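Take any residue in the sequence shown, note its place counting from 1, add 14, and you have its number in our numbering.
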Amino acid sequence: MKYLRLTCLWGAIFFGASLGLSFGASAVAPFLGYSTDAFVTDRVGVFPTFRFYRGGAYASITESTLSHVFEDRLRGVSLGRGLSKRLAHHLYELCVRHRMDPAFVLSVIQVESSFRADAVSSAGAVGLMQLMPGTARRLGARHVTVKALQDPFLNLELGVTYLRNLRVRYAGLSAYYPLAAYNLGPHRLDTLRAKPTFKPEKTLRYYEEIMRGVGDWRRYGSQAQARFERELSTMPARRSALKAKPDVQSKPVDPA
Numbered sequence: 015m016k017y018l019r020l021t022c023l024w025g026a027i028f029f030g031a032s033l034g035l036s037f038g039a040s041a042v043a044p045f046l047g048y049s050t051d052a053f054v055t056d057r058v059g060v061f062p063t064f065r066f067y068r069g070g071a072y073a074s075i076t077e078s079t080l081s082h083v084f085e086d087r088l089r090g091v092s093l094g095r096g097l098s099k100r101l102a103h104h105l106y107e108l109c110v111r112h113r114m115d116p117a118f119v120l121s122v123i124q125v126e127s128s129f130r131a132d133a134v135s136s137a138g139a140v141g142l143m144q145l146m147p148g149t150a151r152r153l154g155a156r157h158v159t160v161k162a163l164q165d166p167f168l169n170l171e172l173g174v175t176y177l178r179n180l181r182v183r184y185a186g187l188s189a190y191y192p193l194a195a196y197n198l199g200p201h202r203l204d205t206l207r208a209k210p211t212f213k214p215e216k217t218l219r220y221y222e223e224i225m226r227g228v229g230d231w232r233r234y235g236s237q238a239q240a241r242f243e244r245e246l247s248t249m250p251a252r253r254s255a256l257k258a259k260p261d262v263q264s265k266p267v268d269p270a
């Protein structure tokens with residue numbers, strides 16, 4: 015009986031410890047937008063294993079919110095003919111197709127280019143997601159030029175695809191690895207990892223900055239709603255002004 019009680023006691027202790035660990039890991043999941051179910055040890059240290067977004071809650075940042083983001087932040091390209099809405103739809107569809115969190119992609123764009131579609135780094139990386147021409151070719155792009163990669167539609171297509179490929183390449187490891195590979199290049203990262211002197215300070219800061227940004231972009235939707243409500247409060251005055259002096263020269267807009 016004594017041994018039975020001890021066995022039950024140790025079982026309860028181990029169960030409680032494992033339960034606490036699982037709750038501790040999952041506690042950060044809603045903020046980061048990833049599920050956590052294990053810890054891994056590597057040369058960087060101990061990181062939660064973040065599984066990149068796998069669908070089911072895309073309403074956390076909607077197409078409408080994405081449109082507001084591009085309208086507010088996009089630089090280096092004309093926003094004519096509803097570009098922000100078309101880009102929002104394009105990015106949303108890419109995220110659904112590749113099971114990627116839109117807030118995560120926005121955070122990468124912010125860190126990489128600050129939403130400048132015409133950005134070109136000293137190393138030759140181009141566009142919103144700062145893609146190297148060689149990377150674009152390996153992803154299947156043809157006739158790769160700086161001007162072509164400054165097209166935000168092509169840049170988003172290639173950038174999100176590249177993130178997906180890196181996620182697959184480093185499957186089972188911390189999310190630090192695909193992001194570090196995006197920053198350094200996978201071959202360079204793998205070479206550095208093999209060295210016992212590998213110190214990831216720079217890439218670790220890059221990783222942390224992007225992961226912090228995910229939560230900020232998730233809150234962007236509520237900020238956009240507050241702004242819309244402020245604009246709505248001025249609408250009666252605008253309506254009365256239009257009613258007092260109608261624009262007789264206005265014509266239907268060609269939807270094309």
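All residues carry an ideal CB built from backbone N, CA and C; glycine is no exception. These numbers come from a predicted model, not from an experiment.
Reduced DSSP secondary structure (H/G/I, E/B, other) of R130: Three-state DSSP puts R130 in a strand.
Start and end residues, alpha helix (DSSP H) containing F84: It spans E77 to R87 - the alpha helix (DSSP H) in which F84 sits, taken as one unbroken run.
Buried versus exposed, by CB contacts within 10 Å (16 or more), K161: Classification of K161: exposed, given that the 10 Å Cβ count is below 16.
C-alpha distance - L142 paired with A208, whole-angstrom precision: One alpha carbon belongs to L142, the other to A208, and they sit about 31 Å apart.
Runs of alpha helix (DSSP H) lying entirely within the stretch 147-207, each at least 4 residues, in chain order: The qualifying runs are 147-152, 160-163, 166-183, 190-198 and 200-207.
E4 to Y191 span [Cα, whole Å]: Since the first and last residues shown for the chain are 15 and 270, residue 4 lies out of range.
Cα-Cα separation, R156 to M146: Taking the straight line joining both Cα atoms gives about 13 Å.
Residue environment, P210, which counts as buried when at least 16 other CB atoms sit within 10 Å: So P210 ends up on the exposed side.
Euclidean distance between Cα positions of T149 and R233: T149 and R233: Cα-Cα distance of roughly 32 Å.
Beta-carbon spacing of G90, A133 below 8 Å: With a cutoff of 8 Å on beta-carbon distance, G90 and A133 are scored as near each other.
DSSP three-state assignment for L145, whether helix, strand or coil: Of the three classes helix, strand and coil, the one that applies to L145 here is strand, per DSSP.
C-alpha gap between F167 and A194, whole angstroms: Across the structure, F167 and A194 are spaced so that their CA atoms are roughly 24 Å apart.
Sequence-distant residues of the same chain with beta carbon closer than 7 Å to A139, five excluded per side: Scanning its chain for C-beta atoms nearer than 7 Å, with the 5 sequence neighbours on each side dropped, one finds around A139 the residues L145 and M146, in chain order.
DSSP three-state assignment for V293, whether helix, strand or coil: This structure leaves residue 293 out entirely; the chain is present only between 15 and 270.
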